[in-house]
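Student: Before I ask anything, here is the structure I am working with.
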Amino acid sequence: MNNFSFQNPTRLVFGKGQIAQLTTLIPADKNIMLTFGGGSVKINGVYEQVKAALKNHKYIEFWGIEPNPTVETLRKAITEGKKNKIDFLLAVGGGSVLDGTKLIAAGICYDGDAWDIVLQGSSNDSIPFASVMTLPATGSEMNAGAVISRSETREKYAFSNRHPLFSILDPETTYSLPAFQIACGIADIFVHVVEQYMTTPGQSRTMDRWAEGILLTLVEIAPKIRENQNDYDLMSDYMLSATLALNGFISMGVAQDWATHMIGHELTALHGITHGHSLSIVYPGTLRTLKVQKHGKLLQYGLRVWGINEGTEEERVDRAISETESFFRSLGLATRLSENGVGDDTIDTIVNRFNKAGAAYGEKRNVTGDLAGQILKNCK
Ligand code: NZQ
Ligand code: ZN
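So, in structure tokens, the structure goes:
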């Protein structure tokens, strides 16, 4: 196991009716900006609950943070925030609202253009922020990361800010999610886990089994959620698995990959493909391309997650990869570029972008432009 230093300061407040806790979780003297997406919170009652909890607080509202939040929109919120001397932000919605809010929080403390902070990769300062998370997927509710797009140039990059001060997760808020968003959410959680797991075996038994526990949970609950997404306990497990997959708990002292995410971000930036969907397309191709490098871990994963214990090692590895692709398809997602009309020109663009940036992702830092091109060809 590698050395590590771990701290996650976010307070999780979980369960039915817990949005009411906002009354005491945010100090009464704060000058708050509430941030929202396109209006889902008005349909599912979350907005009313937030307003009721904050009826004695001072706040303004900022609406319109879009999926794959853009710097163009967030600049407007930063200007509003500075003008109104905002000193606390509360994101109410999915990962995009929260990611956008992370940039607003940093941008309010910065004199230059917010895109500088994204390109820098991390912020120097930030006002405090928190969330009411309504979409289990990104883990943004308990991590410091955010992914921001720039529509002008069709770019999408991650940066890190502080962790949220607290995040409220009420599984009942997920009952209103469209089936497609749940499918993308489950694919996103699954790929977060494997990006921290599918490297080399023998690094940490604890991390391996924790990761496999989340994968097994997803495989078990996915078909049940499709039958009934109003089951509280089922949605609770879905919600908590998203948080645990990307709050640092499964990556202590082990190697990480993240090549699939970086390629997926390019597909979203260039074609607007929803984040989780971009991963269901790229990940099977990543495994097909890197199956020799990931051989040992693929065998372990095949056995422990899919119960594959027969055949030659080569056959077991191939089956583990095809089970993974079938799982994504069982969610109703595409797993091939051609299904989304993405052709060779896009592959060339991504290879060029990676080469220009000197990209080197994956646990062996060998996913450069050329290897990313091969992965994409294996996703056709
Ligand atoms: O905008 P509204 O009207 O709120 O509707 C949203 C949006 O249209 C809707 N929605 C959210 N909660 C709902 C709901 N609809 C009904 N009921 C609810 N309870 O769902 C749509 C998608 O929302 P979005 O926030 O875009 O989805 P998600 O949470 O998957 O976030 C995706 C973004 O997060 C980034 C992705 O790249 C993408 O930009 N990621 C962030 C990460 C992080 N911060 O650590 C890591 C991830 O790997 C990911 O890259
Ligand atoms: Zn993701």
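Remember, my numbering sits 20 above the position in the sequence shown when you count from 1. Using N, Cα and C, we set each Cβ at its ideal position, and we do this for glycine too. Treat the numbers as computed from the prediction; the structure is a model and nothing was measured.
When you compare only the Cα positions, how much space is there between N76 and L54?
Tutor: One C-alpha to the other measures close to 14 Å.
Student: On the DSSP bridge assignment, give the partners of G113 in chain order.
Tutor: M153
Student: Kindly list the residues whose CB is nearer than 8 Å to the CB of F200, restricted to its own chain and excluding five residues on each side of it in sequence; keep chain order.
Tutor: T294, G352
Student: Roughly how many angstroms separate the alpha carbons of R170 and G292, rounded to a whole number?
Tutor: 12 Å
Student: Cβ of A379 within 7 Å of Cβ of S300?
Tutor: no
Student: So, helix, strand or coil for D80, using DSSP?
Tutor: The sequence as given places Ile at residue 80; Asp does not occur at that position. In the structure shown, I80 sits in a strand (DSSP, three-state: E or B).
Student: Which class does E86 belong to by DSSP, given the choice of helix, strand or coil?
Tutor: coil
Student: Count the other CB atoms within 10 Å of the CB of V337; is the residue buried (16 or more) or exposed (fewer)?
Tutor: Result: buried.
Student: At what residues does the alpha helix (DSSP H) containing A134 begin and finish?
Tutor: 134-140
Student: Can you name the start and end residues of the beta strand (DSSP E) that R31 belongs to?
Tutor: 31-34
Student: Return the chain-ordered list of same chain residues with a C-beta closer than 8 Å to the C-beta of Q140, the five sequence neighbours on each side being excluded.
Tutor: F179
Student: Please tell me whether, using a cut-off of 6 Å, the distance from the CB of Q38 to the nearest non-hydrogen atom of ligand 1 is below it.
Tutor: no
Student: Based on DSSP bridge pairs, tell me the residues matched to V167.
Tutor: A178
Student: Per DSSP, what are the beta-bridge partners of L189 in this structure?
Tutor: In the DSSP assignment, L189 is bridged to F34.
Student: Between which residues of its own chain and I328 is the CB-CB distance below 8 Å, once the five residues before and five after are set aside?
Tutor: Taken in chain order, the residues that qualify are G322, R336, R339, A340, E343.
Student: Based on Cα-Cα distance, which residue from S187, G114, D107 lies nearest to P29?
Tutor: S187
Student: Any heavy atom of ligand 2 closer than 6 Å to the CB of E119?
Tutor: What sits at residue 119 in the sequence shown is Asp, not Glu. Not under cutoff, so the answer is no.
Student: Name the two residues that bound the continuous beta strand (DSSP E) containing T294.
Tutor: Note, T294: premise wrong, no beta strand (DSSP E); not H, not E.
Student: With the cut-off set at 7 Å, would you say L109 and F149 are in Cβ contact?
Tutor: Going by C-beta atoms, L109 is nearer than 7 Å to F149.
Student: Near L238, what residues of its chain come up, given a Cβ to Cβ distance below 7 Å and the 5 sequence neighbours on each side ignored?
Tutor: Once the five neighbours on either side are set aside, the close Cβ partners of L238 are I206, I209, F210, S261.
Student: Alpha carbon to alpha carbon, how far is V117 from Y258? Give it in angstroms, no decimals.
Tutor: Going from the Cα of Y258 to the Cα of V117 covers about 20 Å.
Student: Is it buried or exposed, G59, if we count other Cβ atoms within 10 angstroms and call 16 or more buried?
Tutor: exposed
Student: Please identify the residue among N181, Q249, G37, I52 whose C-alpha is closest to the C-alpha of G65.
Tutor: G37
Student: Closer than 6 Å to a non-hydrogen atom of ligand 1 - does that hold for the CB of V167?
Tutor: yes
Student: Measure from the alpha carbon of I234 to the alpha carbon of each residue in M272, L264, A48, Q69, then state which is nearest.
Tutor: Looking at the Cα atoms, L264 is the closest of the given residues.
Student: Mind checking whether the beta-carbon of G382 lies closer than 6 Å to any heavy atom of ligand 1?
Tutor: no
Student: Examine the Cβ distances between the stretch 125-132 and the stretch 86-105 and report whether three or more of them are shorter than 8 Å.
Tutor: yes
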